[in-house]
Amino acid sequence: MNNHQIFIAYWTIARKESGRFLRIWKQTLLPSVVTTGLYYVIFGTFIGSQIAAIGGYSYMQFIVPGLVMMAVITNAFSNVVSSFFGSKFQRDIDELLVSPTPNWVIIAGYVTGGVLRGIVVGALVLGVALFFTKLTVHSWAIVIGFLLLTAIVFSLAGLFNAAFAKKFDDTMIVPTFVLTPLTYLGGVFYSIHALPPFWQTVSQANPILYMVSGFRYGFLGLSDVSVWASFSLLAALCIILLFANIFIFTKGYGLKN
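Its first residue numbered 1, the sequence shown is counted upward by one per residue in my numbering.
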């Protein structure tokens, strides 16, 4: 395939993936906005009003970046895992696999859909936060960088999960038993500096802590861990998951009967 054909193939997949979640926005976009709005009301307003400021910011301001990142993680992952598994279940993916389309183009197309959904939901959740508190931005470059890298990481993770899933229930195992616990224990609602030393050390093994902390630094200039360590971890995860997906596509693991 020449460059023009490769671009057409990529654009077709990306447009299909983007159009899919936009057509059913009441199911793909609205739930996260409503759920996070409840977090703002319950944790930010009711409970947060009883909690002292953290680093000079109100509790509501402190938790907003974490809640936005939580929405991005959940939606980027779920968009790709559900869409790709659906294509695999209906055998639509076979047409792509036997076509001359390079594997990396297929991966890029699906990941683009996941990234777009993650960013759109993140923007909506951030917009809702403005009804509850005033936000400042310490560094737009860091905010955008962590937003994009996190969405890419979990889109790639969703694709990897979908490739090995054998039934729809398998697509819910990682979100339920891995992503949800790690997200809630990743510093979304608290600073790890408030924990005993032992649990601070344990928390540093949670990769989502680095994503939330780096994203929060972009807004507030506060971080529980090194921003450069967070960025390095995200970049490494992107590379590892990209090559892992290319490998399973090349070998056909989980894709071919």
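We put the beta carbon where it would ideally sit given N, CA and C, even for glycine.
Around the beta carbon of A76, 16 or more other beta carbons lie within 10 angstroms, which makes this residue buried.
Counting only residues of its own chain and dropping the five nearest sequence neighbours on each side, I246 has a CB closer than 8 Å to the CB of N103, W104, I107. For secondary structure counted as the alpha helix (DSSP H) over 4 or more consecutive residues, the stretch 8–57 holds these complete runs in sequence order: 25–28, 30–39. S232 counts as exposed, since fewer than 16 other beta carbons sit within 10 angstroms of its beta carbon. Your pair V111 and V80 checks out as a contact, with CB atoms roughly 7 Å apart and the cut at 8 Å. According to the DSSP assignment, V178 belongs to no alpha helix (DSSP H), since it is labelled neither H nor E. With respect to the C-alpha of N161, the residue from G145, L149, V137, V178 having the closest C-alpha is V178. Rounded to whole angstroms, L29 and P197 show a C-alpha spacing of 39 Å. The closest CA to that of G187, considering only R23, T136, L209, is found on L209. Measuring C-alpha to C-alpha distances from T250 to each of V98, Q200, L237, M60 identifies V98 as the nearest.
With fewer than 16 other Cβ atoms inside 10 Å of its own Cβ, I240 counts as exposed.
When DSSP states are grouped into helix, strand and coil, D92 belongs to the coil group. Assignment of alpha helix (DSSP H) within the stretch 104–141, counting only whole runs of 4 or more residues, yields no such run. Excluding its 5 nearest sequence neighbours in each direction, L182 has C-beta neighbours in its own chain below 8 Å: N206, P207, I208, listed in chain order.
By the Cβ neighbour-count rule, D92 is exposed, with fewer than 16 other Cβ atoms within 10 Å of its own.
Across the structure, W25 and S203 are spaced so that their CA atoms are roughly 35 Å apart. In the structure shown, N2 falls within a coil segment according to DSSP collapsed to helix, strand and coil.
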